[in-house]
Structures are given as C-alpha cells and as structure tokens.
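Structure, as structure tokens:
Protein chains in written order, with this note's numbering: chain A, 458 to 778; chain B, 292 to 624; chain C, 223 to 556.
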C-alpha cells in the first residue's frame, strides 16, 4: 500500500468545490484587501464586547464631531476679546449656558473651540512620541551590539528625566507655538514606548520564522518591516491611544503653567485664564469646571479605548471588560 | 486483581469537543498498558480524566474504578488523597512541569509532606532515596530545575510521581522530546520500577514501537475511542485496524527493505474532536473503507484471542478483502 | 573500504574542515559545536545527518546555509566558495532553502499562507506571475487546490499542512538544495510518512538535493541515500544508508541502533548525557562513553591506548563508507 502520492480527502473533496469557485483568479492586491477587511471585521467584533471601550469610543466620536464642526457652530470669532458678546464673568444663563469669562466671551463656545487644539495637540504629540519610540525600539531590538547599548542608555536617560521639567525647559527655550508644545511632549514621552517595543522586538526576533526569513535571503529591512513591525503594531496602536490621553494632559499642564501658545484657546489655557482672573477665589465655578471636565472626559475616553484595543489585540493581558 | 477499570468513559469539553467517547480499559497491578494515538485523539484527556484533573465545565460520564472505588463519584477530599498516593501522573515536557524557583528536593518532598504527614527530616530522607532510585545522586536534591538536563528532569518527574508510593502511574509521553539514548534510559528505568514495586502503568505515546517494546497490552485510540486493543507485540506486528497498521508502519524497522525509500503515512489529518466525521470516524482516511463505513459506526469486535478491533474487516466472520495493498503490508517481515 | 560511486561530478555542496565555535559564557571555554567536518552533498542526493541533541548537527546545518559564520574551514557551493557578503549570501539563499522543525513557529502568525509562500519571491524581486508561482509551489507541496489555502492563517491549518506550507515557501524559489532540520519531529505519526514521501517525490520530480538533520534513524532509513552520524562536533561514521544502518561499525552508531524499540539483540544503553562541546576529551571523543572500551574489547584489539590518547582524523566527506574508530579499523585490518 503506498499512500505516497495521495493527498487525502481534503484534496479530492475540495477539487469539486473550487471549480469555478470564487477563490480562483484573484490578484494578490485583491487578496490582500480581502484579508484586511476580514481582520478589521474580526477586530471590531471583539472590540464591541468591551463595553467600556465602546463607551470611550462613543465619547471620542462625540468630541471629534464637536471639534470638527466647531467652525460652523461657534465660529472662530468666539476667541475675539474685542467683540465679546457679554459682560465679564456672567454666571450661566440661557444666553450663555456656561457663563462668560473675564472678557465677556461665551465660555461654552470657548470650551468647544478649545477641543480643537487639545485634540490636535494630543494626537500629533502622541503620534510623534510613539513614532520615535517605535523606531528606536525596533532598531535597538533588531541590531544588537553597541547600537542597541547606546540607544538604550539614551532611552534610560530620557526615562529618568522628569518629563514635565524637560518639557517646560523645552517650551521655554523655543518659540511659543503649538509646534513647540507638540515637540516638547513628543520628545519627552517616547522612552516607555521604546522600551516596550524593544522587548517585543526581541521576543519576535527569537521566533523561528525570523530565521526562516533570513534563510530565504531577507535583509534587515525586510525582517524589520515584514515581520517585526506587524507584530509590534498592536502594541504601538494601544500605546498610541494611551499616550494621547497623557499628551492631552501634558498640553493642558503646559498651557496652565503659561507655556502654551497665548494666541490660541485650549482647555489648559482656559484653566490658566481662570486662575489669572481669580475665578478660583471668587467662586466662579463655571469658568473652571467645564474645561477641567472636558480634559478628564477626553483623557478617560482615550484610556478606555486604549485598554480595549490592548485587550483585543493581546488577549493574554486579561483586561476586564 | 484489577487495579484500574475504566467503563464507558466519556469526556466532553465545555466547547463541545467530544474528546473521549466511550472508552473501556482495565489494568492489573504489575501490568503495563500502552495507549497509542495522535494529537487530538483524546489520550491525554483520558490521562487527566483518570485523576479528575480536567478543567471546570468539562462533562464526564462513565466509571473509573481505582481499586474498586469510582474516582468520578468521590468527594474532593478523597480525590486529593488518590492523587499522588493512589495514582500519580508523569507529564510530558518536564521543563514546564517543574517549578523553576524551587529546589527539586523540595518539589519531590512536597507531596510527601502533604499526604503522608511525614516529618520534614523523614521527607528529606525519602527524597534522597527516591533520587537514588531514579539514578540521580541524592545530593542533587539541592539543585534547581535549570541546572539539570532534559533527561535528568524527566527522572525527577518520575521520582516525584513515586513519592507517595502510588499503586498506579500514568506516564503521558514520558520520553517525547528526549534523544533516543536518553529515551532508552528512561524507558528502562520505568520498566524496572514497575516490576520492582508491582505498580500498574498506563503509558501514553504516539510512538507505537516504543509502547510495544515497553508494555504488555496496547490500546490504539482514534477520535476519542479505542479502535484496537490486544497484546502489545501482536498489535504492533499485526494490527487488525487499518489505523493501527498505519501507526506501526509510521516508524520503520531499520533493515526492512519494504520501507526503504517508501515512508508510509496516512493521507489527511486527524479529525477535529468538535466536528467528527459520520459513521466510522476513520473512514475519510481509511485505505480499505467500504461504503457502509461512511454511515455505520464501528464497535469494537473480537479479532482473535484477547484482541479487539473496531473495523468491519476485523471481525472473524467478515472475510478479509482481497486488496493487494492490504496483503503487501501484512506480509512484511 | 571505500565504495566508489559512479558520480565523479563535483558535489553541489561541500564542507571542508568546517569549524564553528561559540564564545563560552562567563569566561567558560569556547564551545566547539562543529569541530572539523567534511561533508559533500551531490546533486539529487538526500543525506541524513544523525546525532543526539547537542552534537552540533543543527549548527552544522546552519553554517552550511551561511546563517552561522564558520570559525574555520569553508563551504563550497556548486564549485565556488561561499562568499559572506550580504549580496552574495542573498543570491546563495535563493538556491539553498531551509525547512525548520517546528512548522507552527516558522510561519509568522500574522501572515496568510499566500504571504508566507510569496515571501521568498518578494525578497528576490521575482519578475514573473507571483500568484501562479505560489499556486504551483503549494500544489507541489500537496496543498491542492492551492487557491483554497491562499487566505488561510497558520493557526487554521493542521501541523502537517503547516509543514507543507513551509516546504512550499522553500520550493517557490526553485532551489537546488533543501536543508531540513528535523522536518517531521513535531508532526503526528501518521502525517510523518506523508511529509517524508513529499521530500522523496520532490527529489524525483525536481532533482532536488536535501540534507536532513535528525535524531531519528528510521527517517534516514526511509528517505536518505547517505547517512552521516555526528558525535560531539565530528562525523564519526558515514556511508550508504544500507551499510551504515544495517552493519554499523562505530560503537556509537551501534549503540544508537541497538536502543531502537524493535532492534534485535540486547540494547546498549549508554550512560550519562552527551558530553559538553566546551570540554571535548582527548583521544577519540567518544571514549568516555564507549561500550567497547568499557567492556575491554578495545584492550583485546590492542587499541585502548589509542582510544584514550590519539585523536582521529576528519573523515572524508565524499561518500565512501568510513568510520572514525580505532577499534573498528583494527578489527577489520586484523
């Protein structure tokens, strides 16, 4: 009995199925797209089971909608000090649901307008931070030896530096603009990402498929982009959502300390204005609470999303639903 | 007397996978029973079920009589007493079954202290004896698992299993992942211990040749059932079930010209326990399947003295089909 | 004592006096994993490299692929010495492929079967129809119809199917030599034969050569033309499979064969673990565990001193049946 040439029932049974079947004659590009659609659908199905994550996503969607439609709903002249519609420090009323600031500007409008800056800075700073972290983490994990040693020492150095102090120092020496704030937050928060990504890279690099890729002739670039990057991507994604919330907080902190761009309205800037105007001692709660709550809600929403993404992509973490 | 008797054991996992579907086995003290099969055939589940080590949510029915007492009906306190003291298990992959942060001596002494309530000094003495018994110097008790080689770790696992003088030892792939030479050492050790201490041994492996060499009787499992059972040599050399035949042909005899440049296997893959084929579960891969095999489930039937096989071709009344392949295979020396 | 084969053509792959050693950890002595090996693989030939774990067989296989740079000796492929520049290595790796033991680990869980097989093509910037090449390789490896497997992920396949995907990924570049490291060790018994049959069929259909690294002598008997038995960094016995496995002359090969379950005669169970490659004993490297020396037979043959004190030369890789053992030589001559 020779079973040498046979390939089993799986073959015979499926030959009929494939004739004219949908699987034939598809271009690799179409295949790739189909695969991506499948995995996106699978991701969403699992994400939906995390109630906190869905809540966070809904809150974010709402914030994003408000921020994006702000030019239509409140308009950019809400920032104008000279054509302020109301009297200074009005308490909430039907005309101004959240009262007015010391220049008589509509605080609801300012909070809505401020969402644009806070979200933008948060997103860009997080992307910058994670990009630096991922780049350094992957290269340090892939090229071992002196390069990794040097890179990791630099990372450690940044890690032990008090982030806020460093950011303040950067923001003071550079011109006061949103770009400066983004840069200051980005270059101070990357080390944790770099450490995480490097650890993951080392784990991936010890897998046999890396050796197979090398034996196939794959070079450094191939291994880093085709094998390591897709495997650290989930981590990077989850890390991004988590860093966004801390970046928003950092932006608010810097603005509150008076290091933000004075020409734009942001939530941190509003808090600083409130402090300067003496709203705290005067009991003008409507000046303080809305931007504070907005910061907390957005940071929380990003954290919830980040945790949900993390647990979908890495179920072993066992994050509670 | 019968040490272990398993009657109509069925195990279904929480996910709906029927891992064991009606298994009957029996084993006397001093006997060695081999259970052969591939991944997913339910042989490891069977081993775990014997000591009620299956995860919560698993449905188990049937009877597992250990010295006449049904393990499945015992209270938890009794089950705990049975584990180690009545029956113990040697897992595959000794690397992961030993705790990396404890000295091996302490790990061997742990069940002794738990069950026998021996004094710590007594336990230490016993640990030394056990280590000597499995061929390691007693001084190795203070070593950590990572300081030992794979073969030595497997010896420690066996010493642990013997710690409470059990009547029955279940060895789940005790030599997989070991080199041939170390494998031979461990198999000799197990054989020697069984004959010295009049233990019952259930040895589980995918390697029919190893089982045939070590055990008295052999049960071949496929898709959660025993499809062939009989004296080890006979099953190995002249299997009546086509699956048994395939397994014994998978590892060639060196010098057998029929297997030179002719590796033998079976087409297809072992079935998924949660989606079993109809009729005889082996029919999709069977080289001698009849039409009736697709619809009719095959029960174990007599296939000689003290032999059973679950195949239409095995029964004494059913004539052997005149398949040339069939004859070629059974006529090999 | 040498059986001349009728193939005078240059071998496809030749290792000459190959040495690979690794720096010892924490000041320990260097581990000489491969300690002088000559090995030829001719076109269309399947060679089995057999030995226990830690004997250096895996390191030898990796150094033949250029994955581990040798510390001495050299590798010649198709008549030309192996060039370790990255460009030359890349070209070399199109012609020589690796199949690893664990098919689950050697496939990236995030890549589909299509991507895994097409990887080699993309690395080497294949100009032709990628999809056709992938389909062709998959069906050669026994996954038919190939289209059905394109979008599957490794975890959706059985162990045997995964190993077929790995083999397809190697075949797609139309290599001349496949180095397989324990290709069936982690597969089920019934699937094992199918994968080995596949390797044999590839040799017949494509004229592929293969070096199969294994601890399983039955595998060598099943598919190999020639076998080389390795012990502690050196090949101790080599030759045609029929000769070496049915009439072994080295005590180590004899012991390995004797412990197989169905082997005739009394098993010779060597005590202890294979020794440490950082402390290779003087004389014959096997003498500390040698049953012939221990039983006094070497003494009777008058070679006991040579066993303990005189190292044996490196066996010629060209294929004749040879043995690196003082006792075996003395008894044949005497």
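Where is the CB? At the ideal position from N, CA and C, for every residue including glycine.
Remember, it's a predicted structure, so these values are computed and weren't measured experimentally.
Query	Result
Rounded C-alpha distance that separates residue 335(B) from residue 508(A)	38 Å
For residue 435(C), the three-state DSSP class (helix, strand or coil)	strand
For residue 599(B): DSSP bridge partner residues	520(B) and 593(B)
Cβ of residue 484(C) within 9 Å of any chain B Cβ	yes
Cα-Cα separation, residue 750(A) to residue 597(A)	40 Å
Straight-line Cα distance separating residue 705(A) from residue 628(A)	15 Å
Nearest candidate by alpha-carbon position, reference residue 369(C), set 462(C), 355(C), 382(C) and 403(C)	355(C)
Rounded distance between the beta-carbons of residue 405(C) and residue 383(C), thought under 8 Å	Not quite, the Cβ-Cβ distance comes to about 14 Å (not below 8 Å), so this is no contact.
Chain-ordered neighbours of residue 437(C) on chain B, where CB pairs are closer than 8 Å	470 and 471
Where the stretch 343-374 of chain C meets chain B: residues whose CB sits under 8 Å from a CB there	none
Contacting residues, own chain, Cβ-Cβ under 6 Å from residue 479(A) (five flanking each side not counted)	Confidence at residue 479(A) is low in this model, with a pLDDT of 42, below 50, so the placement of that residue should be treated as unreliable; the coordinate-derived value is given next. Taken in chain order, the list of residues that qualify is empty.
Strand pairing of residue 504(A), partner residues [DSSP]	DSSP lists no partner for residue 504(A).
7 Å Cβ cut-off: residues of chain C touching residue 657(A)	Those within 7 Å of residue 657(A) in chain C number zero; the least Cβ separation is about 13 Å.
Member of 381(C), 454(C) and 347(C) whose CA lies at the smallest distance from the CA of residue 497(C)	454(C)
Coil, strand or helix - residue 279(C) by DSSP	helix
Residue nearest to residue 256(C) in terms of C-alpha spacing, selected from 469(C), 439(C), 296(C) and 513(C)	296(C)
At least three beta-carbon pairs within less than 8 Å, the stretch 571-579 of chain B to the stretch 509-521 of chain B	yes
N-terminal and C-terminal residue of the beta strand (DSSP E) that residue 484(C) is part of	Premise fails: residue 484(C) is in no beta strand (DSSP E) and is neither H nor E.
Nearest neighbour of residue 621(A), chosen from 710(A), 592(A), 590(A) and 565(A) [CA to CA]	710(A)
CB contact below 9 Å: residue 446(B) versus chain C	no
Boundaries of the beta strand (DSSP E) in which residue 613(A) is found, first to last residue	Run containing residue 613(A): none in the beta strand (DSSP E); it sits in the alpha helix (DSSP H), 603-617.
Proximity to residue 428(C) [Cα-Cα], best of 479(C), 467(C), 472(C) and 363(C)	363(C)
9 Å Cβ cutoff, residue 315(C) in contact with chain A	yes
Three-pair Cβ contact test at 8 Å for the stretch 436-444 of chain C versus the stretch 512-521 of chain C	no
For residue 554(B) and residue 266(C), believed in contact at Cβ under 8 Å, the rounded distance	Rounded, the Cβ-Cβ distance is 18 Å, inconsistent with contact.
Supposed close pair residue 282(C), residue 398(C) - CB separation, criterion 8 Å	Actually they are not in contact, since the Cβ atoms of residue 282(C) and residue 398(C) sit about 19 Å apart, beyond 8 Å.
Three-state secondary structure assigned by DSSP to residue 460(C)	strand
DSSP three-state assignment for residue 364(C), whether helix, strand or coil	coil
Sequence-distant residues of its chain with Cβ nearer than 8 Å to residue 420(B) (five each side left out)	429
Per DSSP, the bridge partner or partners of residue 236(C)	262(C) and 298(C)
Identity of the residue in 511(A), 759(A), 593(A) and 734(A) nearest residue 613(A) by Cα	593(A)
Residues that DSSP places opposite residue 491(B) in a beta bridge	459(B)
At least three beta-carbon pairs within less than 8 Å, the stretch 367-379 of chain B to the stretch 444-462 of chain B	yes
For residue 387(C), the first and last residue of its enclosing alpha helix (DSSP H)	381-393
Assigned exposure category for residue 666(A) - 16 Cβ within 10 Å defines buried	buried
In DSSP terms, what residue 301(B) is bridged to	312(B) and 352(B)
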